[in-house]
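Heads up, the thing below is written out as structure tokens.
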Amino acid sequence: MHVQELPLQEQIKSLLKDLGYQTLYPPQEDAIRKGVLEGKNILITTPTASGKTLIAMICAAKAILEGKRVIYLTPLRALASEKYEEFKSLANLVKPDGTRPTIAISTGDFDQRSDFLKNKDLLILTNEKFDSMLRLDPGWIEKIGLVVFDEIHLLNEGDRGPVVEMLVSRFLSLSTKVQIIALSATVSNFNDISSWLKAEVVNSKWRPVKLIEGCYSSGQIVFCDGQKIPTSQSSYGPAIDCAFSMLKKGGQVLIFAENRRNAVSLAEKAAVIAPNFLSLDESRSLQLIYEKIVASDEFTEVGKRLANCVIKGSAFHHAGLPPSHRRLVEESFKEGLIKVLCATPTLAAGVNLPARTVIINSLSRFNSRWGQSEEISVLDYKQFCGRAGRPKYDDIGFVISILRSNDLDTFFERYVKGSPEPLYSKLIDNQILRDHILATIVSFPAIAEKELNNFFSNTFLGYQRRPQFVYSKVKSNLAYLKINGLIEEEGGRFIATEFGKNVSFLYISTSTGIHYKTMFDYYRSKKVKPLDDEDFILLSVVLADDFQPQFPLRRVDVEACNEITSYQISSLSSSESGRVVIQSKFDDVGRSFLALKDWIDEKSENEIYEKFSIEPGDLYRQVEAAEWLTHAFSKIALLFGERSLHIVASSLEERIRYGVKKELLELTQLEGVGRVRARLLFSNRLRTLDDIRKAKESDIANLPKFGPLIAKKIKEQVRSSRGRP
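Everything in the sequence shown is counted per my numbering, starting at 314 for the first residue and increasing by one.
So this is what it looks like as structure tokens:
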């Protein structure tokens, strides 16, 4: 089917032509035939790069020109940014009133109303951001005409799945019709999902790049089509031997490692073979990227190892890298400069970085919860396969799994021929369910238990379980919320208390809210004398369930926190109504606490890495989580009348954001002035905005890491702030 044959306005067809689209792929044709352009709900479950996003884009364009608002939801910020780049071309259309469509992206600040976003024609959001916006303004959902759920298979994930499920349920419960488009590469029980969504199904294994799956065993690669490729058997291991053999056939190689350590190790081994496949121009380009990594403020031992790989044409990619380094790696791989990229499994669900050959280093993963290795799921395997073959560049993609045994038949039967595991609702977890029951009560004040039962019957949990099971779960969690002061019942109807509203609006879990409340009780008991208020707040934050990632104390860390451990933490106990500080819990997060203390004491990322073995990417995630949770602590402290804690927490929130001592907070108000530049200014006796206002622009420009442009920008800011309080 040609694009010009579609029942669309001419300007949409013209835009698609300008973007290079001439004909539709078979799954796209199927979606058109099944009524996606007539507003029918649709579930599209087809392989990666089979054209799912284009269907969403066409429907979004049509909806916008019909005066409807469109929401595109993704699970990850990186994916949201990717989709924004793809969809921003829709701003070239002209609406009936002669104006251009407005498009925006937003992924953070969960407790901010974001009213400016609500008039946009197309919003690209993370699921969590959209959920938080609806909590603050539930009625806004009725203005939406089309919603796209990308990666709908994440219903199966314990942390993100329930948010997706609740959002879908909100749309299904509306009296007005909203078109739902759900996208995924890996759904086996698509009939269940489509029935729940009241949607048509497009299910196909078609992909634009042919996929050939195989495995490595006993010195050779065996593909499912019978092809066999002997490999060398070097000391670098089978993954690198396979990579070398496949690089000789052209294209790039993406190796999925089990963990970060293996990703780094494999990248360093790949650095031995990758230079053989670099042109002179590519080597020069990699030299420049090497210099960028080395020159960055975020240069640590991890950065040094990355730079030494990159200059030779290999790289590693994991959450421990700082965002700037991850972006450099991603861009270099997309440009074809990096020949071998070694990544942790999270990349398979993240940014789109396809390669001609994908190598899975092991089909086993260590499960820290059970303390043993287990086979990866078929769903995870299929996600890895989705990265094989680059559309527009390759006509074939290869996937090679490294087997630790010679049981090829079992591998081909389970993984190559197998279907992904069915998706199940994760709302069944009481701790998760009560968070969403509270959010529903906040959104719909004076809601009756029967109405709650009806609403939660519309969830995927309600679809998969009998009504009485759902009703009993709702009843028991309502009791929990009442006991802990988050809701009240009046005349058979439920309303949220101010405490409950704050917990929901701040987007923290009920367990974290109750934990804070318990900590306030403890604070009032005057048993915290060994801790100053700042340490008490930071300790409360890292002990919250929502704080991630958590790093436990090591033996070498104990001396650094004697003041804390000597304090009678162990005398406290936990209770059903709220967790409090206990020694074992502190042991689980103590290293995070110490690292954050060093962060606000202006220790460098490298110092923190050397001292605590916390990589920059993990430190950033800790800082982000701590800033958000300290903000929540501040708000709830004020609610419970703890004004002194509120004031200290507000200041601590800013210190965590910038990683500075209190004396630099005035300087970090300036755009372009972070922890490093603020300290340089302070050390040169420019300690207040008034000092900077009086200083010569040339003197600021001559400071290290400043220069004329930064100096001018700073001076303009202090001039415009004259007279402000």
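Each residue gets a CB set at the ideal place from its N, CA and C atoms; glycine is no exception.
| query | Looking at glutamine 935 and glutamine 1030, is the spacing between their C-beta atoms short of 9 Å? | reply | For the purposes of this step, residue 1030 is taken as residue 717 along the sequence shown, with counting starting at 1. For the purposes of this step, residue 935 is taken as residue 622 along the sequence shown, with counting starting at 1. Not in contact: glutamine 1030 and glutamine 935 (Cβ atoms no closer than 9 Å).
| If you run the structure through DSSP and keep just helix, strand and coil, what is tyrosine 529? | The residue labelled residue 529 in the question sits at position 216 within the sequence shown. Here tyrosine 529 sits in strand by DSSP.
| field | Straight-line Cα distance separating isoleucine 345 from lysine 365 | value | On the sequence shown, residue 365 is found 52 positions in, with the first residue counted as 1. On the sequence shown, residue 345 is found 32 positions in, with the first residue counted as 1. Distance between the alpha carbons of lysine 365 and isoleucine 345 is about 12 Å.
| Neighbourhood of glutamine 881 by C-beta, 7 Å cutoff - its chain only, sequence neighbours within 5 removed | What you label residue 881 is simply residue 568 of the sequence shown in a count that begins at 1. Caution applies to glutamine 881, whose pLDDT of 42 falls short of 50 and renders its modelled position unreliable; the model cannot decide the point.
| message | Below 8 Å on the Cβ atoms is my contact criterion, and I expect proline 635 with valine 691 to pass it. Report the Cβ-Cβ distance as a whole number of Å. | response | Walking along the sequence shown from the start, residue 635 turns up at place 322. Walking along the sequence shown from the start, residue 691 turns up at place 378. The Cβ separation is near 34 Å, so there is no contact.
| task | State whether the segment 759-777 contacts the segment 803-814, with contact taken as three or more CB pairs (one from each stretch) at a distance under 8 Å. | result | Per the Cβ contact rule, the segment 759-777 is in contact with the segment 803-814 (3 or more Cβ pairs under 8 Å).
| What number of angstroms, rounded off, separates the C-alpha of lysine 924 from the C-alpha of valine 902? | For this step, residue 924 is matched to residue 611 along the sequence shown. For this step, residue 902 is matched to residue 589 along the sequence shown. In a straight line, the C-alpha of lysine 924 is about 15 Å away from that of valine 902.
| said: Mapping the DSSP letters down to three states, classify serine 488 as helix, strand or coil. | reply: Within the sequence shown, residue 488 is the residue found at index 175, counting from 1. The answer is coil: DSSP assigns serine 488 none of H, G, I, E or B.
| request: Quick one: residues in its chain with C-beta nearer than 6 Å to the C-beta of glycine 826, no 5 flanking neighbours on either side, listed in chain order? | output: Reading the sequence shown from its first residue, position 513 is the one you call residue 826. Excluding positions up to five away in sequence, the list reads Val816.
| Residue closest to leucine 977, alpha-carbon to alpha-carbon, out of Arg1000, Val500 and Leu958 | In the sequence shown, residue 977 corresponds to position 664, counting from 1. Answer by Cα proximity: Arg1000.
| message | Do glutamate 379 and lysine 739 count as a contact pair if the criterion is CB distance below 9 Å? | response | Start at 1 with the first residue of the sequence shown, and residue 739 comes out as number 426. Start at 1 with the first residue of the sequence shown, and residue 379 comes out as number 66. For the 9 Å CB-CB criterion, lysine 739 and glutamate 379 do not form a contact.
| query | Is the distance from the Cβ of glutamate 604 to the Cβ of asparagine 919 below 9 Å? | reply | The count along the sequence shown starts at 1 and reaches residue 604 at position 291. The count along the sequence shown starts at 1 and reaches residue 919 at position 606. Going by C-beta atoms, glutamate 604 is not nearer than 9 Å to asparagine 919.
| request: Jot down the residue ranges of each uninterrupted alpha helix (DSSP H) in the segment 927-1009, minimum 4 residues, whole runs only, in chain order. | output: Fully enclosed alpha helix (DSSP H) runs of 4 or longer: 929-952, 956-971, 988-996 and 1002-1007.
| request: Would you kindly report the start and end of the unbroken beta strand (DSSP E) that includes glutamate 644? | output: Here residue 644 corresponds to residue number 331 of the sequence shown, with the count starting at 1. Unbroken run through glutamate 644 is the alpha helix (DSSP H), 636-647; no beta strand (DSSP E).
| task | Report the residue from Gln533, Tyr706, Ile624 and Ile850 whose alpha carbon sits nearest the alpha carbon of isoleucine 715. | result | Residue mapping note: residue 715 aligns to position 402 of the sequence shown, counting from 1. Just measuring C-alpha positions, the residue of Gln533, Tyr706, Ile624 and Ile850 sitting nearest isoleucine 715 is Gln533.
| query | Would DSSP call glycine 731 helix, strand or coil? | reply | Taking the sequence shown and counting its residues from 1, one reaches residue 731 at position 418. Collapsing the DSSP output to three states places glycine 731 in coil.
| query | Excluding five sequence neighbours on each side, which residues of the same chain lie with their C-beta closer than 7 Å to the C-beta of isoleucine 850? | reply | Counted from its first residue, the sequence shown places residue 850 at position 537. Answer for isoleucine 850: Thr943, Phe946, Leu958, Val961, Ala962 and Leu965, listed in chain order.
| message | Checking 9 Å against the spacing of the C-beta atoms, do glycine 972 and arginine 988 come in under that value? | response | As a first step, residue 972 is located in the sequence shown; it is residue number 659 there, counting from the start. As a first step, residue 988 is located in the sequence shown; it is residue number 675 there, counting from the start. It is a contact, given that the beta carbons lie within the stated cut-off.
| Short Cβ contact (9 Å threshold) for valine 566 with valine 481 | Here residue 566 refers to the residue found at position 253 of the sequence shown. Here residue 481 refers to the residue found at position 168 of the sequence shown. For the pair valine 566 and valine 481, the CB atoms are not nearer than the 9 Å cut-off.
| How is the beta strand (DSSP E) around threonine 439 delimited, first residue to last? | On the sequence shown, residue 439 is found 126 positions in, with the first residue counted as 1. 435-439 is the span of the beta strand (DSSP E), which, as asked, contains threonine 439.
| request: Under 6 Å Cβ to Cβ from isoleucine 713, same chain only, skipping five residues before and after it: list those, please. | output: Start at 1 with the first residue of the sequence shown, and residue 713 comes out as number 400. The answer, listed in chain order, is Gly527, Tyr529, Ile534, Cys555 and Ile672.
| request: Could you check which residue in Val664, Gly663, Glu688 and Pro667 has the C-alpha nearest to that of asparagine 674? | output: Along the sequence shown, read from residue 1 onward, the residue named residue 674 stands at position 361. Measuring from the Cα of asparagine 674, the nearest candidate turns out to be Glu688.
| query | In chain order, what residues of the same chain lie with their CB nearer than 6 Å to the CB of glutamate 889, ignoring the 5 residues before and after it? | reply | In the sequence shown, residue 889 corresponds to position 576, counting from 1. Confidence at glutamate 889 is low in this model, with a pLDDT of 38, below 50, so the placement of that residue is unreliable and no value is reported for it.
| request: Tell me whether proline 658 sits in a helix, a strand or coil according to DSSP, three-state version. | output: To locate residue 658, count along the sequence shown from 1; it is residue 345. Here proline 658 sits in helix by DSSP.
| request: Assign glycine 699 to one of three DSSP states: helix, strand, or coil. | output: In the sequence shown, counting from the first residue as 1, residue 699 sits at position 386. The answer is coil: DSSP assigns glycine 699 none of H, G, I, E or B.
| Secondary structure of glutamate 379, DSSP reduced to three states | Sequence index remark: in the sequence shown, residue 379 carries index 66 (1-based). It is coil, neither helix nor strand.
| message | Give me the DSSP bridge partner(s) of phenylalanine 679. | response | Position 366 of the sequence shown, counting from 1, holds the residue named residue 679. Beta-bridge pairing by DSSP links phenylalanine 679 to Ser686.
| Excluding the five sequence neighbours on either side, which residues of its own chain have a C-beta within less than 6 Å of the C-beta of serine 558, listed in chain order? | As a first step, residue 558 must be located in the sequence shown, where it is residue number 245. Spatial neighbours of serine 558 in its own chain (CB-CB distance under 6 Å, excluding positions within 5 residues in sequence) are listed in chain order as Ile542 and Thr544.
| message | Quick check on the burial criterion: 16 or more other C-beta atoms within 10 angstroms. Buried or exposed for phenylalanine 679? | response | The residue you call residue 679 lines up with position 366 of the sequence shown. Note on phenylalanine 679: under 16 other CB atoms within 10 angstroms of its CB, so exposed under the neighbour-count rule.
| query | Going along the chain, which residues of its own chain have a beta-carbon closer than 8 Å to the beta-carbon of leucine 765, five neighbours each way excluded? | reply | As a first step, residue 765 must be located in the sequence shown, where it is residue number 452. If we look at leucine 765 and ignore the five residues flanking it on each side, its Cβ neighbours are Ile750, Thr753, Ile754, Val787, Leu791 and Phe807.
| query | Which one or two residues does DSSP pair with arginine 807 in a beta bridge? | reply | Translated into positions along the sequence shown, residue 807 becomes position 494. Checking the sequence shown, residue 807 turns out to be phenylalanine, not arginine. DSSP lists Ile760 and Glu802 as the beta-bridge partner residues of phenylalanine 807.
| Cα-Cα separation between arginine 618 and aspartate 870, rounded to whole angstroms | Taking the sequence shown and counting its residues from 1, one reaches residue 618 at position 305. Taking the sequence shown and counting its residues from 1, one reaches residue 870 at position 557. Approximately 25 Å between the Cα atoms of the pair.
| field | Closest residue to proline 865 among Met832, Val855 and Asp900 (Cα-Cα distance) | value | Residue numbering aside, residue 865 sits at position 552 when the sequence shown is read from its first letter. Considering only Met832, Val855 and Asp900, the residue with the shortest C-alpha distance to proline 865 is Asp900.
| Which of helix, strand or coil does DSSP assign to tyrosine 829? | In the sequence shown, residue 829 corresponds to position 516, counting from 1. It is helical.
| field | glutamate 398, buried or exposed, once every other Cβ within 10 Å from all chains shown has been counted against 16 | value | By one-based count along the sequence shown, residue 398 stands at place 85. With fewer than 16 other Cβ atoms within 10 Å, it is exposed.
| field | Proximal residues to threonine 359 (C-beta, below 8 Å), its chain only, five neighbours per side dropped | value | If you number the sequence shown from 1, residue 359 lands on position 46. Correct list, in chain order: Pro340, Lys365, Ala498, Val515, Asn516, Ser517, Lys518, Trp519 and Arg520.
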